[in-house]
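Protein chains in written order, with full-length UniProt numbering: chain A, 1 to 262; chain B, 1 to 262. Data first, discussion second: the structure below is written as structure tokens.
Protein chains: 2
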Amino acid sequence: MIVVKIGGRVVKNALDNIIEGILNYNGKLILVHGGGDIVSEVTKKMGMEPTFVTSPEGIRSRYTTREELDVYVMTMSLINKNIVTRLVTKGKSSLGITGVDGSSVIATRKKKIMILDERGKKRIIEGGYTGKISSVNSSFISSLAKLVDIIVVSPIALDAEESVPLNVDGDQMAFNVAKAVKAETLLLLSDVDGVLMNGQVIHKLTSAEAKDLSTKIGPGMNRKVLMAAESIESGVGKVIIGSGLIPNPINEALSGRGTEIS
Amino acid sequence: MIVVKIGGRVVKNALDNIIEGILNYNGKLILVHGGGDIVSEVTKKMGMEPTFVTSPEGIRSRYTTREELDVYVMTMSLINKNIVTRLVTKGKSSLGITGVDGSSVIATRKKKIMILDERGKKRIIEGGYTGKISSVNSSFISSLAKLVDIIVVSPIALDAEESVPLNVDGDQMAFNVAKAVKAETLLLLSDVDGVLMNGQVIHKLTSAEAKDLSTKIGPGMNRKVLMAAESIESGVGKVIIGSGLIPNPINEALSGRGTEIS
Chain A
1 MIVVKIGGRV VKNALDNIIE GILNYNGKLI LVHGGGDIVS EVTKKMGMEP TFVTSPEGIR
61 SRYTTREELD VYVMTMSLIN KNIVTRLVTK GKSSLGITGV DGSSVIATRK KKIMILDERG
121 KKRIIEGGYT GKISSVNSSF ISSLAKLVDI IVVSPIALDA EESVPLNVDG DQMAFNVAKA
181 VKAETLLLLS DVDGVLMNGQ VIHKLTSAEA KDLSTKIGPG MNRKVLMAAE SIESGVGKVI
241 IGSGLIPNPI NEALSGRGTE IS
Chain B
1 MIVVKIGGRV VKNALDNIIE GILNYNGKLI LVHGGGDIVS EVTKKMGMEP TFVTSPEGIR
61 SRYTTREELD VYVMTMSLIN KNIVTRLVTK GKSSLGITGV DGSSVIATRK KKIMILDERG
121 KKRIIEGGYT GKISSVNSSF ISSLAKLVDI IVVSPIALDA EESVPLNVDG DQMAFNVAKA
181 VKAETLLLLS DVDGVLMNGQ VIHKLTSAEA KDLSTKIGPG MNRKVLMAAE SIESGVGKVI
241 IGSGLIPNPI NEALSGRGTE IS
């Protein structure tokens with residue numbers, strides 16, 4: 001079983017590549033998709049202004065009010081169903097889920113978050129409807145994987161305490177699912193070619209090297225690399241960070257393009 | 001296995017009843033939900049005007065353009081995930097699907113439809129993204145029903161020919177699913193107490209009586225009663241038409257409230 005995460009920009013600009021890549025891949029696959037840019041578009045169409053916050057570590061993320069949570073669930077579900085439609089039409093048995101379905105991914109709402117305000121000062125605010133994943137029901141996901149070849153997962157988890165769906169980070173969703181099903185490979189496909197050092201893609205990293213490197217690179221990639229190292233330690237075979245914008249992206253990444261952490 | 005259909009007005013005004021009703025019901029259940037009124041609200045929020053057409057038989061239905069199809073899929077998915085969230089939080093194992101997932105419900109787009117125009121004249125127009133169900137993958141649905149107690153189904157089917165999801169009528173979805181899984185009972189819960197004759201609920205009808213009666217009642221109920229008779233002939237145990245607005249609606253309908261066609 002491999003787990004593939006595609007970022008929001010890949011969903012928006014290169015979904016054809018990904019569909020083609022999945023059709024060319026033989027085997028079971030769990031696809032976790034993003035879609036943030038499209039969520040922002042729909043939010044605006046519905047007369048709201050998307051807001052983003054920056055953490056003290058410099059990571060920018062969507063701030064999700066209760067109203068925007070509905071838009072988030074709607075948009076991610078539309079993306080999910082569009083992907084499933086295209087796959088099943090081409091003969092790949094596929095099913096789309098969220099973490100709510102079958103209580104498959106449980107998260108806890110971040111009640112308070114620390115942000116950097118517009119003057120760069122740390123401030124604690126109410127966390128909105130964003131969650132941190134606490135557990136994955138791997139037996140449910142494995143049962144579904146017996147029924148279909150491709151499971152398409154939206155980055156939405158269940159907050160069982162407050163009985164709401166929650167916006168969760170797509171990378172975190174992919175890492176947690178990959179760890180839970182002990183995936184042989186986790187592919188993170190976004191709009192970069194891999195982990196870069198002086199403009200060059202680093203082709204191989206051990207998890208120790210990845211941890212070490214994570215302190216020297218930018219905030220988005222930093223987090224991916226750290227989570228990659230941690231997943232290796234939790235039983236995932238390897239993590240590959242590569243491009244979703246090239247033709248046949250899944251087989252390309254599996255055959256050595258991008259950065260492999262193992 | 002029972003199949004329960006809840007109409008759009010029940011979704012909008014009495015979802016608490018339905019959730020409570022499902023929690024009080026012991027056994028496997030497939031819930032097909034509507035949501036037309038909420039689709040119209042979201043369509044307007046997104047700056048479009050929902051349009052409806054009337055068939056020569058007097059049935060009014062949503063006209064779905066390509067843009068509105070996206071809104072339809074988004075809104076129905078939000079309703080679906082909200083229902084699943086509430087059920088799983090209360091400990092009922094549940095999964096939400098559309099007919100696209102696992103190619104479970106296939107439909108054909110109505111390329112041309114006949115409508116009554118504003119002057120009451122018949123006219124043929126392009127059909128938009130509304131479909132007529134052609135088949136149900138009962139083995140896939142039965143496999144899912146082994147994994148969870150409640151399957152929540154949105155009225156969205158797969159058009160494999162044009163590779164798009166399609167808006168399908170919720171009653172038709174419920175009838176087709178009930179026939180495919182040979183449901184012992186199909187409950188149609190809406191905002192009426194049953195089939196009325198001179199203001200009184202008719203409690204029992206044979207399928208022959210139902211067919212006969214269908215020519216004497218209004219266009220919406222007419223169609224429900226005809227489809228009910230047809231499902232009985234296709235192996236569904238019985239069909240009950242009843243109210244979703246009363247407390248504990250599922251057990252109430254099962255214990256004799258409403259109109260039973262068998």
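Quick reminder that beta carbons are idealized off the backbone N, C-alpha and C, glycines included.
Exercise. Which residues of chain A have a Cβ atom closer than 7 angstroms to the Cβ of arginine 60 (chain B), listed in chain order?
Worked result: As a working mapping, residue 60 (chain B) is identified with position 60 in the second sequence. Residues of chain A passing the Cβ test: none, with the nearest at roughly 25 angstroms.
Exercise. In chain B, which residues lie less than 7 angstroms from methionine 46 (chain A) when you measure between Cβ atoms?
Worked result: Taking the first sequence and counting its residues from 1, the one referred to as residue 46 (chain A) is at position 46. Those within 7 angstroms of methionine 46 (chain A) in chain B are Lys45, Met46.
For this session: Measure the C-alpha to C-alpha separation of arginine 62 (chain A) and alanine 253 (chain A) and round it to an integer number of angstroms.
Result: Counting from one through the first sequence, the residue named residue 62 (chain A) turns up at place 62. Counting from one through the first sequence, the residue named residue 253 (chain A) turns up at place 253. When rounded, the distance between both Cα atoms is 29 angstroms.
Problem set entry | Endpoints, the alpha helix (DSSP H) within which alanine 228 (chain B) is located | Here residue 228 (chain B) is taken as the residue at index 228 of the second sequence, counted from 1. For alanine 228 (chain B), the enclosing alpha helix (DSSP H) begins and ends at 219-233.
Exercise. Taking all protein chains shown into account, do 16 or more other C-beta atoms lie within 10 angstroms of the C-beta of residue 286 (chain B), making it buried, or fewer, making it exposed?
Worked result: Only positions 1 to 262 of chain B appear in the structure, and residue 286 (chain B) is not among them; the question remains open.
For this session: Check distances from the C-beta atoms of the region 76-92 of chain B to those of chain A and list, in chain order, the residues that come in under 7 angstroms.
Result: The region 76-92 of chain B vs chain A, Cβ under 7 angstroms: Ser77, Leu78, Lys81, Val84, Thr85, Arg86, Val88, Thr89.
Exercise. So, is histidine 203 (chain A) buried or exposed, given that buried needs 16 or more other C-beta atoms within 10 angstroms?
Worked result: Sequence index remark: in the first sequence, residue 203 (chain A) carries index 203 (1-based). By the neighbour-count rule (16 or more Cβ atoms within 10 Å), histidine 203 (chain A) is not buried but exposed.
For this session: On the DSSP bridge assignment, give the partners of leucine 205 (chain A) in chain order.
Result: Indexing the first sequence from 1 puts residue 205 (chain A) at position 205. BP columns for leucine 205 (chain A) point to A:Ile261.
For this session: Kindly list, in the order they appear in chain A, the residues whose Cβ is closer than 8 angstroms to that of alanine 160 (chain B).
Result: Against the second sequence, residue 160 (chain B) aligns to sequence position 160. Result: Val88, Thr89.
Exercise. Based on Cα-Cα distance, which residue from B:Thr64, B:Met227, B:Val53 lies nearest to threonine 130 (chain B)?
Worked result: In the second sequence, counting from the first residue as 1, residue 130 (chain B) sits at position 130. For threonine 130 (chain B), the nearest C-alpha among the options comes from B:Thr64.
Exercise. Excluding sequence positions up to five away, which residues of its chain have a Cβ less than 6 angstroms from the Cβ of valine 42 (chain B)?
Worked result: The residue you call residue 42 (chain B) lines up with position 42 of the second sequence. Correct list, in chain order: Val71, Thr75.
Exercise. Which residues in the same chain have their Cβ closer than 6 angstroms to the Cβ of glycine 99 (chain A), if we skip the five residues on either side of it in sequence?
Worked result: To locate residue 99 (chain A), count along the first sequence from 1; it is residue 99. Contacts found: Val105, Ile156, Ala157, Leu158.
For this session: Give the secondary structure of tyrosine 25 (chain B) by DSSP, where H, G and I count as helix, E and B as strand, and everything else as coil.
Result: The residue given as residue 25 (chain B) occupies position 25 in the second sequence. Coil at tyrosine 25 (chain B), not helix or strand.
For this session: Using DSSP bridges, identify the partner residues of asparagine 167 (chain A).
Result: Counting from one through the first sequence, the residue named residue 167 (chain A) turns up at place 167. Under DSSP, asparagine 167 (chain A) forms a beta bridge with A:Thr130, A:Ile156.
Exercise. Looking only at DSSP bridge pairs, what is arginine 9 (chain A) linked to?
Worked result: Counted from its first residue, the first sequence places residue 9 (chain A) at position 9. In DSSP, arginine 9 (chain A) forms no bridge with anything.
Problem set entry | Whole-angstrom distance between methionine 227 (chain B) and aspartate 143 (chain A), CA atom to CA atom | Within the first sequence, residue 143 (chain A) is the residue found at index 143, counting from 1. Within the second sequence, residue 227 (chain B) is the residue found at index 227, counting from 1. It should be noted that the sequence gives serine, not aspartate, for residue 143 (chain A). Distance between the alpha carbons of serine 143 (chain A) and methionine 227 (chain B): 35 angstroms.
Exercise. With 9 angstroms set as the bound, which would you pick, yes or no: does the beta-carbon of aspartate 101 (chain B) sit closer than that to a beta-carbon of chain A?
Worked result: As a working note, residue 101 (chain B) is residue 101 in the second sequence. Proximity of aspartate 101 (chain B) to chain A, defined by a Cβ-Cβ separation below 9 angstroms, is satisfied.
For this session: Check the Cβ-Cβ distances between methionine 173 (chain A) and every residue of chain B, and say whether any is below 9 angstroms.
Result: Counting from one through the first sequence, the residue named residue 173 (chain A) turns up at place 173. Taking Cβ atoms only, chain B never reaches closer than 9 angstroms to methionine 173 (chain A), which makes this a no.
For this session: Report whether the distance from the Cβ of threonine 89 (chain A) to the nearest heavy atom of the ligand ZN is below 8 angstroms.
Result: For the structure depicted, the ligand ZN is absent and the ligand set is empty, with no information on it obtainable.
Exercise. For valine 3 (chain B), does the three-state DSSP call read helix, strand or coil?
Worked result: Taking the second sequence and counting its residues from 1, one reaches residue 3 (chain B) at position 3. The answer is strand: DSSP assigns valine 3 (chain B) an E or B state.
Problem set entry | Within chain B, the residues that glutamate 96 (chain A) reaches when beta carbons sit closer than 7 angstroms | In the first sequence, the residue the question calls residue 96 (chain A) occupies position 96. For clarity, residue 96 (chain A) is glycine in the given sequence; the question names glutamate instead. Identification of chain B residues near glycine 96 (chain A) by a Cβ-Cβ cut-off of 7 angstroms yields Asp101, ordered along the chain.
Exercise. Alpha carbon to alpha carbon, how far is leucine 189 (chain B) from aspartate 16 (chain A)?
Worked result: Along the second sequence, one-based indexing puts residue 189 (chain B) at 189. Along the first sequence, one-based indexing puts residue 16 (chain A) at 16. Rounded to whole angstroms, leucine 189 (chain B) to aspartate 16 (chain A) spans 41 angstroms at the Cα level.
Exercise. In chain order, what residues of the region 140-152 of chain B put their CB closer than 8 angstroms to some CB of chain A?
Worked result: Of all residues in the region 140-152 of chain B, Phe140, Ser143, Leu144, Leu147, Val148 have a Cβ within less than 8 angstroms of some Cβ in chain A.
For this session: Tell me, please, which residues DSSP counts as bridged to lysine 122 (chain B).
Result: One-based indexing of the second sequence puts residue 122 (chain B) at position 122. B:Leu116, per the DSSP bridge assignment.
For this session: Between the Cα of alanine 180 (chain B) and those of B:Glu230, B:Lys121, B:Gly199, spot the shortest distance and give me the residue it belongs to.
Result: As a first step, residue 180 (chain B) must be located in the second sequence, where it is residue number 180. For alanine 180 (chain B), the nearest C-alpha among the options comes from B:Glu230.
Problem set entry | Neighbourhood of aspartate 149 (chain A) by C-beta, 6 angstroms cutoff - its chain only, sequence neighbours within 5 removed | Your numbering for residue 149 (chain A) matches position 149 in the first sequence. So the qualifying residues of the chain are Lys28, Lys92, Ser93.
Problem set entry | Amino acids of chain A, ordered along the chain, whose beta-carbon sits closer than 7 angstroms to that of proline 165 (chain B) | In the second sequence, the residue the question calls residue 165 (chain B) occupies position 165. Per Cβ cutoff of 7 angstroms: Lys81, Thr85.
Problem set entry | When B:Asn198, B:Val164, B:Val177, B:Gly170 are compared against arginine 9 (chain B), the one with the closest alpha-carbon | Translated into the one-based positions of the second sequence, residue 9 (chain B) becomes position 9. Looking from the CA of arginine 9 (chain B), the closest CA among B:Asn198, B:Val164, B:Val177, B:Gly170 belongs to B:Gly170.
Problem set entry | Neighbourhood of valine 84 (chain A) by C-beta distance below 6 angstroms, restricted to the same chain and skipping five residues each side | Within the first sequence, residue 84 (chain A) is the residue found at index 84, counting from 1. Excluding sequence neighbours, valine 84 (chain A) sits near Ser94, Gly96, Val152.
For this session: Just the chain B side, please: which residues come within less than 8 angstroms of aspartate 70 (chain A) by C-beta, in chain order?
Result: Taking the first residue of the first sequence as 1, we reach residue 70 (chain A) at position 70. Below the 8 angstroms Cβ cutoff, chain B contributes Leu78 as neighbours of aspartate 70 (chain A), in chain order.
Problem set entry | Backbone secondary structure at leucine 78 (chain A) - three-state DSSP | Here residue 78 (chain A) refers to the residue found at position 78 of the first sequence. Helix at leucine 78 (chain A).
Exercise. Do three or more CB pairs link the region 34-53 of chain A to the region 209-221 of chain A at distances below 8 angstroms?
Worked result: No, they do not touch.
Problem set entry | Any C-beta of chain A under 9 angstroms from that of valine 11 (chain B) | Here residue 11 (chain B) refers to the residue found at position 11 when the second sequence is read from its first residue. By this cut-off, valine 11 (chain B) is not an interface position.
Exercise. Is any beta-carbon of chain B found at less than 9 angstroms from that of methionine 74 (chain A)?
Worked result: Reading the first sequence from its first residue, position 74 is the one you call residue 74 (chain A). Output row for methionine 74 (chain A): interface = yes.
Exercise. Mind checking isoleucine 125 (chain A): buried by the 16 CB within 10 Å criterion, or exposed?
Worked result: For the purposes of this step, residue 125 (chain A) is identified with residue 125 of the first sequence, where counting begins at 1. The residue is exposed, with fewer than 16 neighbouring Cβ atoms inside 10 Å.
For this session: Check whether the Cβ atoms of methionine 173 (chain A) and valine 53 (chain A) sit closer than 9 angstroms, and answer yes or no.
Result: Taking the first sequence and counting its residues from 1, one reaches residue 173 (chain A) at position 173. Taking the first sequence and counting its residues from 1, one reaches residue 53 (chain A) at position 53. No, the Cβ-Cβ distance between methionine 173 (chain A) and valine 53 (chain A) is not below 9 angstroms.
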